[in-house]
Amino acid sequence: MSATTIPATSVSPASVSSVPSGSGEKPKKYRRDHNINWWLTALIAVLSLTVLVPLYFTVVTALKTPAEAGTFALPTSWQWHNFADASAKVNYPKAALNSAIITVASVLLTLLTNTFVAYAIARNMDKRFFRFLYYFFIAAMFVPFPVIMLPLAKQMGSWHLDNQLGLIILYTVLGLGTNLFIATGFIRSIPVSLEEAARIDGASTWTIFWRIIFPLMGPINATIGILTALWAWNDFLMPLIVLTDQSNQTIPLAQYVFSSQFATNYPMAFASYLMAMAPILIVYIFAQKWVVGGVMRGALK
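For the sequence shown, this note's numbering puts the final residue at 1253, and the numbers step up evenly by one.
Below is the structure:
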């Protein structure tokens, strides 16, 4: 084989090793050129302060006395008992249990129903009826909740669903538009040939969905589940208008007591907010990569 001559003009100076051939030394690694946009980095750093500063203020206030609240200074003495006092005031174990029941049930019912609707529509988008259903559910995303708030509360009361079950149904139904938007694009990227091969083997539509399509929707199901959990756990307005029994109130609803009776005790209120935020924040930290990845897959495919 003849040696190939490389033109000098086609070789980058950064890619040329300084070690001569045949010297026995290991070649140096190629230096990667990292182009950092420092102006954009500085802008992002400044914008991040809009989140970090309120979080710092919440943490330091939760550990102060009521007389020290309202400043950015560190507390002179750390009032850790504020967390225990806040837990007792809002009955945190009971409220957390109610929020957990509603959140878990909403996530399970959403995954069992919304993904099946998305599969039916995605595989029949060439038909006018299913195309109408797709745009009908997507349009629901743009209806502000205050517009339907009072009619919804009256309707749930007349159906005797002004309880936890009614709240779970509402989270499942009202989240259908967003979940459909996320899941439809991903399902349409799954080859139809997989289903055709299963049908040749005698599989029904139900079997194809649960044994082939649903397992392949793992990243999207994780995204839908996490977004639903964040919504159900942190929501305040819907439990306020639906739940009529005080024993069923969720954590955000229980914390409303700090806006009236204990309005002057900011440290106790902020300690309660941190306790409410902690469980769902831990879930989000461990699962945020599936949220971003799932949303991107649903949007691009």
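The C-beta atom is built at its ideal place from N, Cα and C for all residues, glycine as well. Keep in mind that this is a model prediction, so the values were computed, not measured.
Query                                                                                                                         : Result
Length of the line joining the Cα atoms of residue 1152 and residue 1003                                                      : 55 Å
Cutoff 8 Å: residue 1033 Cβ touching any chain B Cβ                                                                           : Structure shown: chain B not included; a single protein chain is present.
The region 1008-1017 touching the region 1217-1224, judged by at least three CB pairs closer than 8 Å                         : yes
Cβ neighbour criterion (16 or more within 10 Å) applied to residue 987                                                        : exposed
Distance between residue 1100 and residue 1236 (C-alpha atoms, nearest Å)                                                     : 29 Å
Residue from 1185, 1010, 1194 with nearest C-alpha to residue 1025                                                            : 1010
Cβ-Cβ distance between residue 1051 and residue 1227 below 8 Å                                                                : no
Residue environment, residue 1131, which counts as buried when at least 16 other CB atoms sit within 10 Å                     : buried
Residue from 1200, 1158, 1149, 993 whose Cα sits closest to the Cα of residue 1067                                            : 1158
Residues of its chain near residue 1053, where Cβ-Cβ distance is below 8 Å and the 5 sequence neighbours each way are ignored : 1116
Cutoff 6 Å; reference residue 1223; Cβ partners in own chain excluding five residues on either side                           : 1014, 1034, 1035, 1038
Euclidean distance between Cα positions of residue 1041 and residue 1126                                                      : 32 Å
Ordered list of beta strand (DSSP E) runs contained in the region 989-1058, each at least 3 residues                          : none
Collapsed DSSP secondary structure at residue 1150 in the structure displayed                                                 : helix
Straight-line Cα distance separating residue 993 from residue 1190                                                            : 38 Å
Endpoints, alpha helix (DSSP H) assigned at residue 1124                                                                      : 1116-1126
C-alpha gap between residue 1047 and residue 1079, whole angstroms                                                            : 46 Å
Bounding residues of the alpha helix (DSSP H) (the contiguous stretch that carries residue 1206)                              : 1203-1206
Beta carbon of residue 1114 nearer than 8 Å to that of residue 1195                                                           : yes
Closest residue to residue 1255 among 1177, 1141, 1155 (Cα-Cα distance)                                                       : Because residue 1255 is not part of the residues shown, which for the chain are 953 to 1253, the question remains open.
Residue 1095, DSSP secondary structure in three states                                                                        : coil
First through last residue of the alpha helix (DSSP H) which encompasses residue 1195                                         : Counting along the chain, residue 1195 falls outside any alpha helix (DSSP H), and DSSP gives it neither H nor E.
Assumed close pair residue 1062, residue 1136 - CB separation to whole angstroms, cut-off 8 Å                                 : That belief does not hold up - the Cβ atoms of residue 1062 and residue 1136 are roughly 15 Å apart, past 8 Å.
Reduced DSSP category for residue 1075 - H, G, I as helix; E, B as strand; rest coil                                          : coil
Of the residues 1198, 1119, 1045, the one placed nearest residue 1231, counting alpha carbons only                            : 1045
Cβ neighbour criterion (16 or more within 10 Å) applied to residue 1023                                                       : exposed
Through-space distance from residue 1055 to residue 1179, alpha-carbon basis                                                  : 11 Å
Own chain partners of residue 1058 with C-beta closer than 7 Å, once the 5 adjacent residues on each side are dropped         : 1120, 1123, 1124, 1180, 1184
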